[in-house]
Structure formats: structure tokens, C-alpha cells
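According to this note's numbering, the sequence shown holds residues 1327 to 1648 in order. Beta carbons: idealized from backbone N, C-alpha and C, even for Gly. A quick write-up on the structure given underneath.
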Amino acid sequence: MPLYKIVDLSRVWVLFDVYESDISSARVGSTVSFSVQSMPGESFTGKISFVDPVIDPMTRVAKARVEVPNPGGKLKPEMFTSGVIKAAAVGKKESLIVPKSAVLWTGERSVVYVKKTSDRGISFLMQEVRLGPSAGDGYVIEEGLDPGTEIAVNGVFSIDAAAQLAGKPSMINPQGGAAMTGHQHGGSPPAASATPTEPKKSDGKAKAAIGKLFDLYFPLKDALVKGDLVNALKQTGELKKAFEKIDMGLFTGEAHDHWMNHSAAGMEALKKWPLGDVEQARTLFQTPFGSDGGSCKSIRALAKLSSCSIVPWPTTTPGLIG
């Protein structure tokens, strides 16, 4: 019976957690560049030799194994690493990639702001795009932009807010015009008026009540963006309770009807939880708040809240040396 067993560390495995959004880039043979905290400034490279075919139901990640030569034994077992996958787009020789900071993501729709130059100066116009896979600090653009197009890469939230105030197409209101308008019944023609219709008003208590919904909305959104279904389920329960606690008496007149319609749609969607699949959860999540900002826009106009933009999630892939 052997007393000691010597492990050969001249070649090691590095195990990476790959999020669902990045799995398409994690292919056998892809090169991974990674670093470890104990050796800042030094990077290592290796190729993926195996990708777990099953996603962990709790963490929502799959394991990717990278085999790396380890001369001098610099890499130690149980070290934590952070890596970037270098992968070309499948079936494409060239891909258009934009920084993540340039994209406003609202679920099904993603928008960027394109630079326009005229005699009156420089302006930015909203442009819908279709995103491809995440690529490090950027997104692959599948549709909506041409190479050479200049876009805003910083300050896009401020640009979008200014577009909303000016009644121009924006993330929340892609058609432009007033953020909220009155509604008509039957075939009666609209009254002639040069004054925009005022948004539905509510008092301070109503605004505070709806504000609590958005305090719960953002953690739920963040959990779904990260693929954290466990935390998303927890946040959904809190959001459901917040919906139920809102006093309908806080809203009067048209605002009451408006809130009743949207709260009913939200509660109906929340009752369908829990779900076992994060993609189903993301799709269902769009119902109470709207992938195009529909209900979210309406509720926010009612309470005069700030923008509820959804931001893209980071793609740095954590790993563990084993």
C-alpha cells in the first residue's frame, strides 16, 4: 500500500464557470486567456478541451476545462482565475462588435444612439439593433448597424433621457411623441388642441407605493440578467407581496383605471412563478414591465419616476484551477 502519492503539476486543468449567455462561445478548441490574483500583470493561455454538456440547475453555469502547461509550478491547485474566451463568430468571417456601454437593453429590443451631423450641429438618433453573443466587453451586432457607423458609447442613458423629454424616439417610447397621452372611446374624434395631454397624475403616497415596486424590480432584473434563478424567485415573491399591499384607493379617476389594468397584468404574470428555466423566467418577466417599456412606461408616467433601463451583464468568466 503506497504511503505517498506524488501529483504531477507540470500540466494542470483550469475549470471555468461559463454562463448561459456565453456558452455559444465556449467550444472545444477555443483559446482562453486568463490571469490569477497572485500574479498581477501575468497572463496564461490554454485551449478548451471539454465543455460540460449539462448546466448546473442551481448556479445556471456549465464547466469548461482548459488544459495548461505549468512550467515551474506557478499555477497551484485551488487558485481562483478570471478568463476571457477568444472565439470567432460561428459561420462568419467578420463580425461587428460595439462596446456594452453603448447598448441599452430592454429584453427583446436593444438600442444604440447613432451620431448625426447637420448644419445645426451634432445630434444622436435611436437605432434598434439585434444583438448576437457577448464578446468580452462588447456585443456582436447581428442586425441594425453598418460598419463605420458612429455611435455614442458613453452617456447613452443621458442621451435617452433627453430624447424622451424632447418627444423623440427613445428606448421607452420608440415611436416618439408625448410619453403619455389621453385615450379615446368609440369613434369620437380627438378634440383640437395645441397643448399636449397631461400625463396621469397621482399623489405622493401613490408615487411612494409605486417606487417600492421599482426598488424590487431592479434586483429581480439583475438576478435574471445574471441567470440567478434562485435569487430571482426570492425577488419575485417580494414583488408579488408589494403588488398586493398597494392600496387601490391611492389612485383616483383615470389613474385608478390605468393602475388597475397594469397591476392585474403584473399579478397574473407573477402568479405563474416559480419556473425551472431562466429563459422562461426572463420571458415572463417582460409581461409586468414590458420588453418595450409598455407597462413600465405607464406606471412610471403615473408616478413620475426615473427611467428603468436594463443594463447588460458582465461576461468575465470565473474559474478554478484543479
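*Specify the secondary structure class of H1511 as computed by DSSP and reduced to three states.*
As a first step, residue 1511 is located in the sequence shown; it is residue number 185 there, counting from the start. Per-residue confidence for H1511 stands at a pLDDT of 45, beneath the threshold of 50, marking its modelled position as unreliable; no derived number is given.
*Do L1430 and D1486 have their C-beta atoms within less than 9 Å of each other?*
In the sequence shown, the residue the question calls residue 1430 occupies position 104. In the sequence shown, the residue the question calls residue 1486 occupies position 160. Cβ distance < 9 Å, so L1430 and D1486 count as in contact.
*Distance, Cα to Cα, G1502 vs L1550?*
Indexing the sequence shown from 1 puts residue 1502 at position 176. Indexing the sequence shown from 1 puts residue 1550 at position 224. For G1502 and L1550, the distance between alpha carbons rounds to 29 Å.
*In terms of alpha-carbon separation, which member of S1361, K1547 and A1352 lies closest to P1379?*
Reading the sequence shown from its first residue, position 53 is the one you call residue 1379. Nearest option by C-alpha distance: A1352.
*Using the rule of at least 16 other Cβ atoms within 10 Å of the residue's Cβ for burial, across every protein chain shown, is Y1345 buried or exposed?*
As a working note, residue 1345 is residue 19 in the sequence shown. That one is buried.
*For L1329, is the classification buried or exposed, using 16 other Cβ atoms within 10 angstroms of its Cβ as the cut-off for buried?*
For the purposes of this step, residue 1329 is taken as residue 3 along the sequence shown, with counting starting at 1. Counting Cβ neighbours within 10 Å, L1329 comes out exposed, since fewer than 16 surround it.
_Length at least 3, wholly inside the region 1353-1389: the beta strand (DSSP E) runs in chain order_ = Counting only runs of 3 or more, we get 1357-1362 and 1369-1377.
*Does DSSP classify D1348 as helix, strand or coil?*
Counted from its first residue, the sequence shown places residue 1348 at position 22. Note: D1348 maps to helix in three-state DSSP.
*asked:* Determine whether the beta carbon atoms of M1365 and K1400 lie at a separation below 9 Å.
replied: Stepping through the sequence shown from its first residue, residue 1365 is reached at position 39. Stepping through the sequence shown from its first residue, residue 1400 is reached at position 74. Yes, the Cβ-Cβ distance between M1365 and K1400 is below 9 Å.
*Contact between the region 1365-1375 and the region 1470-1485 (3+ Cβ pairs under 8 Å)*: Taking 8 Å as the limit for Cβ pairs, the verdict is that the region 1470-1485 does not touch the region 1365-1375.
*asked:* Restricting to Cα atoms, I'd like to know which of M1384, I1448, F1450 and R1337 is closest to P1395.
replied: Stepping through the sequence shown from its first residue, residue 1395 is reached at position 69. Selected option, being the one with the closest Cα: R1337.
*Where T1443 falls, given that 16 or more other Cβ within 10 Å makes a residue buried*: Stepping through the sequence shown from its first residue, residue 1443 is reached at position 117. Here T1443 is exposed. Its C-beta has fewer than 16 other C-beta atoms within 10 Å.
*So the beta strand (DSSP E) A1461 belongs to, where does it begin and stop?*
Counted from its first residue, the sequence shown places residue 1461 at position 135. Its beta strand (DSSP E) spans residues G1447 to A1461.
*On the three-state DSSP scale, how would you describe D1548?*
Indexing the sequence shown from 1 puts residue 1548 at position 222. Note: D1548 maps to helix in three-state DSSP.
*By DSSP, does E1468 sit in helix, in strand, or in coil?*
If you number the sequence shown from 1, residue 1468 lands on position 142. In the three-state reduction of the DSSP assignment, E1468 falls in the strand class.
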